[in-house]
Each structure stands twice: as C-alpha cells, then as structure tokens.
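The sequence shown stops at residue 304 when you use our numbering, and every number in between is there.
Idealized CB from N, CA, C, for every residue including glycine.
The structure presented is a predicted model; accordingly, all values stated were derived computationally and were not measured.
Only one structure is covered here, and it is reproduced in the block below.
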Amino acid sequence: MSASASVSVIVPSYNCGRFIAEAIDSILGQTLRPEQIVIVDDGSTDDTEQVVRRYSDPCIEYIKQKNAGVGSARNTGLNAARGEFVTFLDADDRWRSTFVERMHGFLAEDPTVACGFANFVRFQHATGAVTSDQFQYYPELRRPVLLRDLPNAHGRIPKEMAFRALVACSEIPAYIQVMMFRRSSIESIRFEPDRVPGQDTHFALRSFMQGGVIFTDEVLAEVRRHDTHATRDHEAMAVHELDGLEALAPHVTRDVDIAAYRDRLVKAHIDAALYQTRSGGVRAGLQRYRDGLRIPGSRLRKIKG
C-alpha cells in the first residue's frame, strides 16, 4: 500500500455516476495517497450515490446536499476538509498517478508556497482522442523571471510576484482540478456560487495573493470532454472572466499588484466589448469599452488621446 499524506481531495459531483468511479480510482491509485476524499453529491438524480457506496475505503466521505451548483459543493467540501493541503478533482476528470506526490512535494518543501498547479491534457470521451496540453497556450509561463532549476518543476513565483505574474495571463493557465492549496492559506477564501463561471478565476487569483506559487509543465491530469460537459462559447467566457476580475477589486490592495491588475482589467474590457459587439450587442459593447477607458492608468486613455 502506498504512503499517505495530509491531503484532502474534494470531488464535487452532479449526475456524474457514469464517470465518478474513474475519478475515485485515479485518486486511490496515487503513488502518495491522500488521507481524506470528500465526495460532495450536489443533488444528483442518477446513480452517483450507489457508485460511491461501493467503495469501502475509510478515507472516502460522502456528503449529499440539495443542488446548489459546483461552487457550493466545493465550499461544502472545504468546510469538511481536515488535511494540511487541499485539492479538487471534478467527478468526470482523472489524475495521473503522481499528481498528489508532485504537488504535495512542492508545497511541503517550501512553507512560503500557497498553491501549486500542473499542466494537463483534454480528452474526448467518445473517442479517447487526446488534445494538446494546456501550457502551450500560455507563453507567459516561460518568461525567464519565472524559471528555476528545479526537479520536475517548470517555475516558481515568490509571493511578492505571484498575483501580478499570473493575472497578466490571458486567463488562468490552471484549472481548479489541477491545483493544490495550503489549507491555512485559503481559510478565508470560498467560491462564490452565484458567480458562474467566473468563480474559478476569482478563487484562484485570490489564492495567488496568499503566498508563492509553483507550477510544473509535467502533464498530471486528464480533463474529459463529453456530450453533457458544461462547455460554453469560448468568446462568451470573456464576459464572465471580466466579472470575476472586477469582483477582485476590494482584495487587490498591494501597490505591487495594482498596476498589473488594472492592465488586465483593461484587456478584459476590450475582450468583453468585442464579444458583445460581435453578438449583436453593440450598445453594451461600446459601454464595456467606455468602462475600460475609465480605469485609472488605462492604456486606452493614451490610445484615445
């Protein structure tokens, strides 16, 4: 039996009975096993509960709640978590066998690190075809200032740089299901269930303010694409990303973060404006653009002038 670590895994699930066994098996098959697996059934009407109940492993805890959305389910899991470190896996995705070992190693070796994340690939449920990895879309992660000579790691960002380095990316390069957090760093942070889908951006960026961040370009997870997956128009995501970013305003208080945050807001306003005008909402798009002009220090002011 593999060694275990003080890690709590939170698995939110809504009608994922046909997939959740793969997710659970990928957790139980880790080279370093988590001490707690909290499965939060968000009001499923399929056989999710029956599938979970087949497992007798004592580290698995099953919680069922009324349907309230993935953010609420994750918060329920956070409230139940006991591990020194916390991570999430969606019920239709799966980890490769060394995910916990790698992430735990990064956080355990350096108490200043609040979060670690890994590269991942997507795969088509129907065919098994694997698409290209996530990190290829984020050249920002290869900036020399982020690179360090670390085994199995691509980069390390100290606390004073973490937020501004990652908010500058076109969007958060990691997904929640490939991130691990030091629980003490996120005690005061929760997902905002009404902020869909910008809640992931909001949660991740707030966590990046709490300490250093380490990431690896090693592919450690597989994200499923299937007929019931909550896919959305990619361009429409621009509006949700902007909403999530704007909600961060009360939390961005350090001088070293403010300029990068405002620059990202400007870009987010442009992206949202373009989406809305292309979708026929010309008036709304123009208003988004004007809002971008009003951001203090906005580069759009210079362009306008």
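Original post:
What do you reckon, are the CB atoms on Met178 and Ala203 nearer than 8 Å?
Top reply: Cβ atoms of Met178 and Ala203: closer than 8 Å.
Subject >> Closest by C-alpha distance to Ile59, when choosing among Lys65, Val39 and Asn74 >> reply: Per the Cα distances, Val39.
Original post:
What number of angstroms, rounded off, separates the C-alpha of Thr230 from the C-alpha of Glu108?
Top reply: Confidence at Thr230 is low in this model, with a pLDDT of 43, below 50, so the placement of that residue should be treated as unreliable; the coordinate-derived value is given next. Using only the alpha carbons, I get a separation of about 37 Å.
**OP:** Round the Cβ separation of Ala117 and Arg101 to the nearest angstrom and send it over; I've been treating them as touching at under 8 Å.
**Re:** The pair is a contact, with the Cβ atoms about 7 Å apart (cut-off 8 Å).
**OP:** State the DSSP-derived secondary structure class of Val112, mapped to helix, strand or coil.
**Re:** Val112 falls in the strand class under three-state DSSP.
Subject >> Counterpart residues of Phe122 in DSSP-defined beta bridges >> reply: Here Phe122 is bridged, per DSSP, to Val129 and Arg223.
Subject >> Burial state of Asn66, where buried means 16 or more other Cβ atoms lie within 10 Å >> reply: The residue in question, Asn66, is exposed, as its Cβ has fewer than 16 Cβ neighbours within 10 Å.
Original post:
When burial is assigned at 16 or more other CB atoms within 10 Å of the CB, is Pro255 buried or exposed?
Top reply: Reading off the sequence shown, one finds Val at residue 255, where the question assumed Pro. That one is exposed.
**OP:** Give every residue of the same chain whose Cβ lies closer than 8 Å to the Cβ of Ile62, excluding the five residues on either side of it in the sequence, and list them in chain order.
**Re:** Around Ile62, the same chain offers Val37, Ile38, Val39, Asp40, Thr75, Gly76 and Ala79 as residues with beta carbons nearer than 8 Å, after the five sequence neighbours per side are excluded.
Subject >> Span of the beta strand (DSSP E) around Tyr288 >> reply: Element bounds for Tyr288: not the beta strand (DSSP E) but the alpha helix (DSSP H), Val281 to Leu292.
Original post:
Since Glu83 and Arg224 are thought to touch, with beta carbons under 8 Å apart, how far apart are those beta carbons, to the nearest angstrom?
Top reply: Actually they do not touch by this definition, with Cβ atoms about 33 Å apart.
Original post:
Using DSSP with H/G/I as helix, E/B as strand and the rest coil, what is Arg253?
Top reply: Three-state result, Arg253: coil.
Original post:
Excluding sequence positions up to five away, which residues of its chain have a Cβ less than 8 Å from the Cβ of Ala167?
Top reply: The residues Glu139, Ala259, Asp262 and Arg263, in chain order, have a CB closer than 8 Å to that of Ala167 in the same chain once the five nearest residues on each side in sequence are set aside.
**OP:** With a cut-off of 8 Å on the beta carbons, I'd call Arg106 and Ile26 a contact; round off their distance for me.
**Re:** Checking the sequence shown, residue 106 turns out to be Leu, not Arg. Not quite, the Cβ-Cβ distance comes to about 17 Å (not below 8 Å), so this is no contact.
**OP:** Report all residues from its chain with a CB closer than 6 Å to the CB of His228; omit the five preceding and five following residues, and keep chain order.
**Re:** Low local confidence applies: a pLDDT of 46 at His228 is under 50, so the model's placement there is unreliable, and no value is given.
**OP:** Please classify Ala125: is it buried, with 16 or more other beta-carbons within 10 angstroms of its beta-carbon, or exposed?
**Re:** When all chains shown are included, Ala125 counts as exposed.
Original post:
For the alpha helix (DSSP H) that contains Gln49, what are its first and last residues?
Top reply: Start and end: Thr47 to Arg52.
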